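So the structure is just underneath, and the comments pick up after that.
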Amino acid sequence: MNNRFTGEILKGLERMYPQAVTALKFQTPFQLLVAVILSAQCTDERVNKVTETLFRQFPTAADFANLNPQQLEPWVKSCGLFRNKSKNIVAAAKKLVAEYDGRVPGTMAELLLLPGVGRKTANVMLSNVFNEPAIAVDTHVFRVANRLGLVANSTVLGTEKELCRVIPRDDWGRAHHWLIYHGRNTCKARKPL
Numbered sequence: 001m002n003n004r005f006t007g008e009i010l011k012g013l014e015r016m017y018p019q020a021v022t023a024l025k026f027q028t029p030f031q032l033l034v035a036v037i038l039s040a041q042c043t044d045e046r047v048n049k050v051t052e053t054l055f056r057q058f059p060t061a062a063d064f065a066n067l068n069p070q071q072l073e074p075w076v077k078s079c080g081l082f083r084n085k086s087k088n089i090v091a092a093a094k095k096l097v098a099e100y101d102g103r104v105p106g107t108m109a110e111l112l113l114l115p116g117v118g119r120k121t122a123n124v125m126l127s128n129v130f131n132e133p134a135i136a137v138d139t140h141v142f143r144v145a146n147r148l149g150l151v152a153n154s155t156v157l158g159t160e161k162e163l164c165r166v167i168p169r170d171d172w173g174r175a176h177h178w179l180i181y182h183g184r185n186t187c188k189a190r191k192p193l
């Protein structure tokens, strides 16, 4: 992949999606963490409907830490995989309260220690909360990056590493959102344009 080709693709995506930002609604870093965990195998639209009432009732990590997973399950059931998500969210909240005074840590290493947090979630947090250059590879980013020829990789981690190599560091966070928007709006899984 040459730099000129990559640059042209990125310019085109930026023209198409100049206001691309996360679609998840949140007021605090912890709320974004919960929303991202809930977003696995679920639409952002559904997550936002769930978190609108959820965060009104339980706005902080301490509120979630006082729950058991079974108490959280009815609130998040419509997001799918609700038992596992509830278990991870409550465990992450307990860890944050016990070890970080309820605050979400700002490093990849610390984020990966939280239950339910993998590289994608950690990268979303680093980029959207801590303004750190990061590319979170979800199904949209993976599909679009490979289809457009930005990368040629069969794994999520490999795709992340290649994207970080071919995209200028200052564009990582924005490029992540451009690729997501393009995957949702144009380059869909079943009927790409």
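Using the UniProt record's numbering, the final residue of the sequence shown is 193, and nothing's skipped along the way.
Think of the CB as a built atom: it goes at the ideal place given N, C-alpha and C, for glycine as much as any other residue.
Values in this document were obtained by computation on a predicted structure and should not be read as measured data.
Cβ shell of Leu111 (< 8 Å), same chain only, five flanking positions each side left out: Non-local beta-carbon contacts of Leu111 in its own chain, meaning distances under 8 Å to residues more than five positions away in sequence, involve Val104, Pro105, Val117, Thr121, Ala122, Met125 and Leu126 in chain order.
Let me know the alpha helix (DSSP H) ranges lying completely inside the stretch 24-89, each 4 residues or longer, listed in chain order. Segments of the alpha helix (DSSP H) lying fully in the stretch 24-89: 29-38, 44-57, 61-65 and 69-76.
Please confirm if the stretch 181-189 is in contact with the stretch 128-143, defined as three or more CB-CB distances below 8 Å between the two stretches. The way I'd put it, the stretch 181-189 does touch the stretch 128-143; three or more beta-carbon pairs between them come closer than 8 Å.
Using CA atoms only, rank isn't needed, just tell me which of Ala40, Leu72 and Thr51 is closest to Asp138. Looking at the Cα atoms, Ala40 is the closest of the given residues.
Exposed or buried, what is Ser86 when buried is set at 16 or more other beta-carbons lying within 10 Å of its beta-carbon? Ser86 should be labelled buried.
What is the C-beta distance between Thr43 and Asn128, in whole angstroms, given that I count them as a contact (C-beta under 8 Å)? A Cβ-Cβ distance of about 18 Å is found for the pair Thr43 and Asn128, leaving them out of contact under the 8 Å criterion.
Please identify the residue among Ala93, Glu52, Glu132 and Glu162 whose C-alpha is closest to the C-alpha of Leu67. Comparing Cα positions, the closest option is Ala93.
Answer yes if the stretch 147-162 comes into contact with the stretch 71-79, meaning at least three C-beta pairs across the two stretches below 8 Å, and no otherwise. Segments in contact, no.
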